[in-house]
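For the sequence shown, position 253 matches number 253 in full-length UniProt numbering, and the numbering has no gaps at all. Here a beta-carbon is modelled for each residue, glycine too, at the ideal position from N, C-alpha and C. Treat the numbers as computed from the prediction; the structure is a model and nothing was measured. The structure under discussion appears below in the form of C-alpha cells.
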Amino acid sequence: MLDTQANGQHGSRLANLWDEAKAAGMSEPERLLYRSNLLGSDKRITNYGGGNTSAKVMESDPLGGGNVEVLWVKGSGGDVGTIKMDGFATLYMDKLQALKGLYRGVEHEDEMVGYLPHCTFNLNPRAASIDTPLHAYVPRVHVDHMHPDAIIAIAASENSRDLTRQIFGDDIGWLPWKRPGYELGLWLEKFCKENPKARGVVLESHGLFTWADTAKECYETTVEIINKAIAWFEANNTVPAFGGAVKPVLAADERRAVAQKLMPVIRGLIGADESKVGHFDDSQAVLDFVTSKDLAPLAALGTSCPDHFLRTKIRPLVVDFDPAAAGVEKTLAGLPDAIVAYRADYAGYYERCKRSNSPAMRDPNAVVYLVPGVGMITFAKDKATARISAEFYVNAINVMRGAAGVSTYVGLPEQEAFDIEYWLLEEAKLQRMPKPKSLAGRIALVTGGAGGIGKATANRLMAEGACVVLADIDEEALSAAQAELAGRYGKDVVRSVAMNVTDEAQVQKSFADTLTEFGGLDILVSNAGLASSAPIEETTLSLWNKNIDILATGYFLVSREAFRIFRRQKAGGNVVFVASKNGLAASPGASAYCTAKAAEIHLARCLALEGASEQIRVNVVNPDAVLRGSKIWTGEWKEQRAATYKTDDLEAHYRERSMLKRSVFPEDIAEAIYFLASDMSAKSTGNIINVDAGNAQSFTR
Numbered sequence: 001m002l003d004t005q006a007n008g009q010h011g012s013r014l015a016n017l018w019d020e021a022k023a024a025g026m027s028e029p030e031r032l033l034y035r036s037n038l039l040g041s042d043k044r045i046t047n048y049g050g051g052n053t054s055a056k057v058m059e060s061d062p063l064g065g066g067n068v069e070v071l072w073v074k075g076s077g078g079d080v081g082t083i084k085m086d087g088f089a090t091l092y093m094d095k096l097q098a099l100k101g102l103y104r105g106v107e108h109e110d111e112m113v114g115y116l117p118h119c120t121f122n123l124n125p126r127a128a129s130i131d132t133p134l135h136a137y138v139p140r141v142h143v144d145h146m147h148p149d150a151i152i153a154i155a156a157s158e159n160s161r162d163l164t165r166q167i168f169g170d171d172i173g174w175l176p177w178k179r180p181g182y183e184l185g186l187w188l189e190k191f192c193k194e195n196p197k198a199r200g201v202v203l204e205s206h207g208l209f210t211w212a213d214t215a216k217e218c219y220e221t222t223v224e225i226i227n228k229a230i231a232w233f234e235a236n237n238t239v240p241a242f243g244g245a246v247k248p249v250l251a252a253d254e255r256r257a258v259a260q261k262l263m264p265v266i267r268g269l270i271g272a273d274e275s276k277v278g279h280f281d282d283s284q285a286v287l288d289f290v291t292s293k294d295l296a297p298l299a300a301l302g303t304s305c306p307d308h309f310l311r312t313k314i315r316p317l318v319v320d321f322d323p324a325a326a327g328v329e330k331t332l333a334g335l336p337d338a339i340v341a342y343r344a345d346y347a348g349y350y351e352r353c354k355r356s357n358s359p360a361m362r363d364p365n366a367v368v369y370l371v372p373g374v375g376m377i378t379f380a381k382d383k384a385t386a387r388i389s390a391e392f393y394v395n396a397i398n399v400m401r402g403a404a405g406v407s408t409y410v411g412l413p414e415q416e417a418f419d420i421e422y423w424l425l426e427e428a429k430l431q432r433m434p435k436p437k438s439l440a441g442r443i444a445l446v447t448g449g450a451g452g453i454g455k456a457t458a459n460r461l462m463a464e465g466a467c468v469v470l471a472d473i474d475e476e477a478l479s480a481a482q483a484e485l486a487g488r489y490g491k492d493v494v495r496s497v498a499m500n501v502t503d504e505a506q507v508q509k510s511f512a513d514t515l516t517e518f519g520g521l522d523i524l525v526s527n528a529g530l531a532s533s534a535p536i537e538e539t540t541l542s543l544w545n546k547n548i549d550i551l552a553t554g555y556f557l558v559s560r561e562a563f564r565i566f567r568r569q570k571a572g573g574n575v576v577f578v579a580s581k582n583g584l585a586a587s588p589g590a591s592a593y594c595t596a597k598a599a600e601i602h603l604a605r606c607l608a609l610e611g612a613s614e615q616i617r618v619n620v621v622n623p624d625a626v627l628r629g630s631k632i633w634t635g636e637w638k639e640q641r642a643a644t645y646k647t648d649d650l651e652a653h654y655r656e657r658s659m660l661k662r663s664v665f666p667e668d669i670a671e672a673i674y675f676l677a678s679d680m681s682a683k684s685t686g687n688i689i690n691v692d693a694g695n696a697q698s699f700t701r
C-alpha cells in the first residue's frame with residue numbers, strides 16, 4: 001500500500017483545509033497565497049520548493065491606465081508552503097502571449113527564459129521561474145502544479161497513461177514526459193483546448209496539473225484528485241511493499257549507534273573539497289525500503305520526478321551492511337572502496353551523457369546513503385539541504401512503493417536525468433548563488449553554550465554558516481538559548497544537549513547525538529566553567545575538586561570525544577579552550593580556580609602536540625573579567641571578588657586595571673574564538689590569545 005503517512009503526516013486522506021470565512025475578504029492575489037500555503041503544508045501534496053501555483057488577475061496598469069490581465073505565479077526558487085506575497089512573480093499576460101511569435105522551436109526554447117523579464121508587471125523584482133509558460137498558457141484563471149506521491153506513483157508507472165485513464169476517466173488527461181519549459185507550456189495549452197471539460201492532467205514522470213476558475217475550486221480540485229489516487233492505491237496495491245522484507249530492522253538505539261559510526265566516516269571520505277552536513281532518517285517508510293527484497297534494483301533506477309532527482313542525484317549508494325550480523329567494522333572497512341566506486345560510476349554517467357556545451361562535472365559523491373536495517377543518511381552542503389534531500393527521497397520511496405505495487409516502476413531515462421542535472425539554466429542559477437560563508441558546512445559543539453560567552457560564540461559561528469550544538473548543564477537557559485538562535489538562524493542549524501562535562505557517560509552521549517543530528521564534528525569550543533574565591537586555608541577539598549572536575553577533567557573528557565571523532569573523519573579538527581587570564585597570572589584568594597585554569601592551558605598544549613600530525617589544531621582564548629551575560633559572575637563569586645579588591649563597582653575596577661582601560665564583553669571573546677576556529681588561523685596551533693584589554697601579568701612567556 002502507498003505510504004500516505006510518511007514525513008509525519010497522518011490519515012489516509014488529505015483534509016480540505018479551506019476556510020471560506022477567512023478567504024472571503026481576501027483579494028485574488030491573497031487567495032492565491034492562501035491556497036499556496038495550504039497546499040504546501042502537506043508533504044503528500046508537494047515537497048519543499050516543489051510545485052507551483054498561479055492566478056490570472058485583472059490589475060490597473062501603472063503605465064497606460066485601465067485594467068490588464070496579470071499572471072501571478074510562484075517565483076523562481078520559492079516554496080509554496082512558506083511563500084509570502086513578495087514570492088510571486090507578476091507578468092503581463094498579453095506580453096506572455098506575444099512570446100509565441102518569438103519561439104523558434106524546441107532546440108531554442110531555453111532562450112525564451114531570457115524574454116520573461118521583459119514581461120514583468122509593475123517592476124516586480126521577483127524572477128519568474130521556468131514553469132511560467134506552463135501556467136500562462138493554461139486557459140484557466142487558477143492553476144496548481146503539484147508533485148503528490150500518489151500521482152507521481154501513477155506517472156512513474158510503465159503504463160501510466162492507461163492507469164490515468166482507468167482511475168480518472170476523461171476528468172484528468174495524460175501527457176508524455178517532457179522537460180519543463182516553453183514547449184511543455186504549449187502542450188498544456190493544446191491539451192486544454194482539445195479537452196475543454198478536463199480538470200487537469202498527469203504529466204508522465206513528473207506530476208499533476210489542475211485548474212479552475214476560482215481559487216477555492218482549484219484548491220478543492222487538487223485535493224479531490226489526489227485523494228482519488230490515494231483511494232485507488234489503497235484498493236489495488238495489496239502486494240507486499242518492495243517485494244517484502246528480507247532483512248531485519250534493528251532496534252531504535254541500535255540504528256542510531258550504527259549511524260553514529262558510519263556518518264563521520266562517510267563525511268570524511270566525501271568532504272575533501274566541500275564540508276558537508278548530514279541528516280539521519282529512520283522513519284517507517286525508509287525502514288520498509290531498506291529491508292526489502294527489491295532495495296537494490298529499485299535504488300539503481302533512481303527517481304522519476306525532476307524535483308526529486310535534482311535533490312537526490314542520479315541514484316543513491318546502498319551501503320553494504322548486514323543487520324543480522326554483529327558489528328559494523330566490515331562495513332566501515334569497505335566504505336572507502338564503495339565511495340570510490342560510486343564516484344567512478346557517476347563519472348561514467350557524466351561521460352556517457354555530456355554534451356558539447358555541458359558544464360564541468362560537479363561533485364561526484366552520493367547524496368543519499370541507504371543502510372539496510374538502519375535507515376537513510378543524506379549529506380549536503382548545509383543541514384537544510386540534507387534534510388530536504390531526505391524528504392524528497394522519502395517521497396521517491398513512496399512513489400516506488402505505489403508504482404511497483406500496481407505496475408512496473410520507471411525512473412527517468414539517464415540522458416533525460418543528465419539534461420536536467422546539467423541544464424544550462426540550472427547551471428546559471430547555481431553560478432548566481434552567493435559565495436559560501438567561511439564556516440559553511442562546519443559543525444561545532446560549544447560547552448557552556450547557554451551562558452554569555454558560550455551563546456555569543458554560538459551566535460558568531462552560526463553567523464558564518466556553522467551548525468552548532470549547545471551543551472550546558474542549565475536546561476532552562478539551554479532551551480532559551482536554542483530558541484533564540486533558532487529564531488535568528490533557523491531551526492535546522494542549532495541543537496542542544498543537556499550535559500554535565502564531569503559525567504563521562506553524558507559527554508559520550510552528547511557527542512554521539514551530535515553525530516546523528518549533523519553527521520560529524522569540526523569544532524569543539526570547550527567553555528563550560530565556574531568560578532570560586534577563597535583563601536587557601538578556607539578552600540575545602542570539595543571546592544578544590546569541583547574546580548578540577550569542571551575546568552580540568554571536564555575539558556579532558558570533551559576533548560577526548562572530539563579527538564575520537566576527528567580521527568574517524570580523517571579531516572582534521574579544531575579545539576578552542578576558553579581558559580582565563582588566571583591560568584597565566586595568579587590572583588589572590590583563588591588558588592583552586594587559578595590552578596585548574598593553568599591545567600586547561602597545559603592540556604591544550606599537550607593536545608596540540610598529539611593532534612598536529614592529523615591537522616587537529618588546539619588553541620586557547622584567555623578572557624578576563626567578562627561580567628556581562630556571564631553566569632559565573634552572578635551572586636557569590638562577584639561579591640567575593642569585589643570584597644577582595646575592596647570595590648563596589650567591579651566592572652569599573654577591572655576596566656581601570658586594564659592597560660587599554662576598556663571593558664571586555666562576551667562578543668569580544670567570541671571574535672577570538674571564531675578566528676581560531678576558522679581557516680584564518682589555519683597555521684596556528686598550541687597558541688594563546690589573551691582578550692583582557694591588556695594585562696602585563698598575563699603576557700605569554
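- Item | Counted within 10 angstroms of its Cβ, other Cβ atoms place residue 74 as buried (16 or more) or exposed | Numbered from its first residue, the sequence shown carries residue 74 at position 74. By the neighbour-count definition (other C-beta atoms within 10 Å, threshold 16), residue 74 is a buried residue.
- Message: For a quick check, are the C-beta atoms of residue 183 and residue 239 less than 8 Å apart?
- Response: Looking up residue 183 in the sequence shown gives position 183. Looking up residue 239 in the sequence shown gives position 239. Not closer than 8 Å, so no.
- Same chain, Cβ closer than 7 Å to residue 485, neighbours up to 5 away in sequence not counted: As a first step, residue 485 is located in the sequence shown; it is residue number 485 there, counting from the start. Result list for residue 485: 458, 459, 462 and 494, in chain order.
- Based on the DSSP output, what are the partners of residue 617 in its beta bridges? Here residue 617 refers to the residue found at position 617 of the sequence shown. DSSP links residue 617 through a beta bridge to 574.
- Query: Is the CB-CB distance between residue 569 and residue 343 below 8 Å?
  - Reply: Here residue 569 refers to the residue found at position 569 of the sequence shown. Here residue 343 refers to the residue found at position 343 of the sequence shown. In this structure, residue 343 does not lie closer than 8 Å to residue 569 by Cβ.
- Item | Coarse secondary structure for residue 10, derived from DSSP in three states | As a working note, residue 10 is residue 10 in the sequence shown. With a pLDDT of 33 at residue 10, under the threshold of 50, the predicted position of this residue should be treated as unreliable, and no value is reported.
- Item | With 16 other Cβ atoms within 10 Å as the buried cut-off, status of residue 311 | Working through the sequence shown from its first residue, we reach residue 311 at position 311. Buried.
- Message: residue 472 and residue 449 - do their beta-carbons sit closer together than 8 Å?
- Response: For the purposes of this step, residue 449 is taken as the residue at position 449 of the sequence shown. For the purposes of this step, residue 472 is taken as the residue at position 472 of the sequence shown. Contact flag set, yes.
- To the nearest angstrom, report how far apart residue 545 and residue 621 are at their CA atoms. Taking the first residue of the sequence shown as position 1, residue 545 is located at position 545. Taking the first residue of the sequence shown as position 1, residue 621 is located at position 621. C-alpha separation (whole angstroms): 23 Å.
- Contact under 8 Å by Cβ, residue 291 with residue 200: Residue 291 sits at position 291 when you count from the first residue of the sequence shown. Residue 200 sits at position 200 when you count from the first residue of the sequence shown. Remark: C-beta atoms of residue 291 and residue 200 do not approach each other more closely than 8 Å.
- Task: For the alpha helix (DSSP H) containing residue 226, list its first residue and its last residue.
- Result: Along the sequence shown, one-based indexing puts residue 226 at 226. Per DSSP, residue 226 belongs to the alpha helix (DSSP H) from 215–236.
- Message: Which residue wins for smallest C-alpha separation from residue 12, given the options 426, 149, 538 and 675?
- Response: Within the sequence shown, residue 12 is the residue found at index 12, counting from 1. Ranking 426, 149, 538 and 675 by Cα distance to residue 12 puts 149 first.
- Message: Taking the alpha carbon of residue 580 as the reference point, which residue from 317, 691 and 285 has its own alpha carbon closest?
- Response: For the purposes of this step, residue 580 is taken as residue 580 along the sequence shown, with counting starting at 1. By alpha-carbon distance to residue 580, the top candidate from 317, 691 and 285 is 691.
- Query: Is it a yes or a no for the stretch 191–207 touching the stretch 434–441, going by three-plus beta-carbon pairs under 8 Å?
  - Reply: Flag = no, the stretch 191–207 and the stretch 434–441 do not touch.
- Starting from the Cα of residue 143, find the closest Cα among 469, 213, 117 and 365 and give me that residue. If you number the sequence shown from 1, residue 143 lands on position 143. Among 469, 213, 117 and 365, the Cα nearest to that of residue 143 belongs to 213.
- Delimiting residues of the beta strand (DSSP E) encompassing residue 146: Against the sequence shown, residue 146 aligns to sequence position 146. Secondary structure note for residue 146: its beta strand (DSSP E) is the uninterrupted segment 142–146.
- Message: Taking the alpha carbon of residue 375 as the reference point, which residue from 321, 351, 340 and 314 has its own alpha carbon closest?
- Response: Along the sequence shown, read from residue 1 onward, the residue named residue 375 stands at position 375. That would be 321, whose Cα lies nearest to the Cα of residue 375.
- Item | Continuous beta strand (DSSP E) assignments of at least 3 residues falling wholly in the stretch 59–90 | Correct list: 67–74.
- Name the DSSP beta bridge partners of residue 209, please? Working through the sequence shown from its first residue, we reach residue 209 at position 209. Beta-bridge annotation (DSSP): residue 209 is paired with 145 and 201.
- Tell me, to the nearest whole angstrom, how far the beta carbon of residue 397 is from that of residue 286; I am working on the premise that it is less than 8 Å. In the sequence shown, counting from the first residue as 1, residue 397 sits at position 397. In the sequence shown, counting from the first residue as 1, residue 286 sits at position 286. That belief holds up - the Cβ atoms of residue 397 and residue 286 are roughly 7 Å apart, short of 8 Å.
- Item | Buried versus exposed call for residue 504 [16 or more other C-beta atoms within 10 Å across all chains shown] | Position 504 of the sequence shown, counted from the first residue, corresponds to residue 504. Taking every protein chain shown into account, the CB of residue 504 has fewer than 16 other CB atoms within 10 angstroms, so this residue is exposed.
- Just to confirm, are residue 420 and residue 525 a CB contact at a threshold of 8 Å? As a first step, residue 420 must be located in the sequence shown, where it is residue number 420. As a first step, residue 525 must be located in the sequence shown, where it is residue number 525. For residue 420 and residue 525, no; Cβs fall outside 8 Å.
- Item | Closest residue to residue 186 among 411, 96, 305 and 233 (Cα-Cα distance) | Indexing the sequence shown from 1 puts residue 186 at position 186. For residue 186, the nearest C-alpha among the options comes from 96.
- Nearest candidate by alpha-carbon position, reference residue 296, set 242, 280, 331 and 307: For the purposes of this step, residue 296 is taken as the residue at position 296 of the sequence shown. Nearest C-alpha to residue 296: 242.
- Message: What residue range does the beta strand (DSSP E) around residue 174 cover?
- Response: Residue numbering aside, residue 174 sits at position 174 when the sequence shown is read from its first letter. Looking at the DSSP string, the run of the beta strand (DSSP E) that includes residue 174 is 172–175.
- Query: Roughly how far, in whole angstroms, is the beta-carbon of residue 135 from the beta-carbon of residue 52, given that I think they are within contact range, below 8 Å?
  - Reply: Reading the sequence shown from its first residue, position 135 is the one you call residue 135. Reading the sequence shown from its first residue, position 52 is the one you call residue 52. That belief holds up - the Cβ atoms of residue 135 and residue 52 are roughly 7 Å apart, short of 8 Å.
- Message: Please state whether the Cβ-Cβ distance between residue 121 and residue 99 is less than 8 Å.
- Response: Translated into positions along the sequence shown, residue 121 becomes position 121. Translated into positions along the sequence shown, residue 99 becomes position 99. Between residue 121 and residue 99, the C-beta spacing is not below 8 Å.
- With DSSP run on the structure shown, which of helix, strand or coil describes residue 130? Along the sequence shown, read from residue 1 onward, the residue named residue 130 stands at position 130. Correct three-state label for residue 130: coil.
- Run through DSSP, which three-state label would residue 489 get? The count along the sequence shown starts at 1 and reaches residue 489 at position 489. DSSP, reduced to helix, strand and coil, places residue 489 within a helical segment of the structure shown.
- Task: Quick one: residues in its chain with C-beta nearer than 8 Å to the C-beta of residue 482, no 5 flanking neighbours on either side, listed in chain order?
- Result: Locating residue 482 in the sequence shown gives position 482, where the first residue counts as 1. Excluding residues up to 5 positions away in sequence, 470, 494, 495 and 496 lie with their Cβ nearer than 8 Å to the Cβ of residue 482 in the same chain.
- Measure how close the beta-carbons of residue 492 and residue 383 come, nearest whole angstrom, since I'm counting them as under 8 Å. Position 492 of the sequence shown, counted from the start, is the residue given in the question as residue 492. Position 383 of the sequence shown, counted from the start, is the residue given in the question as residue 383. Indeed they touch by this definition, with Cβ atoms about 4 Å apart.
- Pull up the CB-CB distance for residue 686 and residue 567, whole angstroms please, since I reckon it's below 8 Å. As a first step, residue 686 must be located in the sequence shown, where it is residue number 686. As a first step, residue 567 must be located in the sequence shown, where it is residue number 567. That pair is no contact at about 19 Å.
- Indicate the three-state DSSP secondary structure (helix, strand or coil) for residue 392 in the structure shown. Walking along the sequence shown from the start, residue 392 turns up at place 392. DSSP places residue 392 in helix when its eight states are reduced to three.
- Nearest to residue 477 by CA position, among 502, 490, 466 and 447, is which residue? Indexing the sequence shown from 1 puts residue 477 at position 477. Of all alpha-carbon atoms in 502, 490, 466 and 447, the one lying nearest the alpha-carbon of residue 477 is that of 447.
- Task: Whole angstroms is fine: what's the gap from residue 663's alpha carbon to residue 501's?
- Result: Here residue 663 is taken as the residue at index 663 of the sequence shown, counted from 1. Here residue 501 is taken as the residue at index 501 of the sequence shown, counted from 1. Roughly 29 Å between the two C-alpha positions.
- Task: Give the straight-line distance between the Cα atoms of residue 697 and residue 614, rounded to the nearest whole angstrom.
- Result: For this step, residue 697 is matched to residue 697 along the sequence shown. For this step, residue 614 is matched to residue 614 along the sequence shown. Between residue 697 and residue 614, the C-alpha separation is close to 34 Å.
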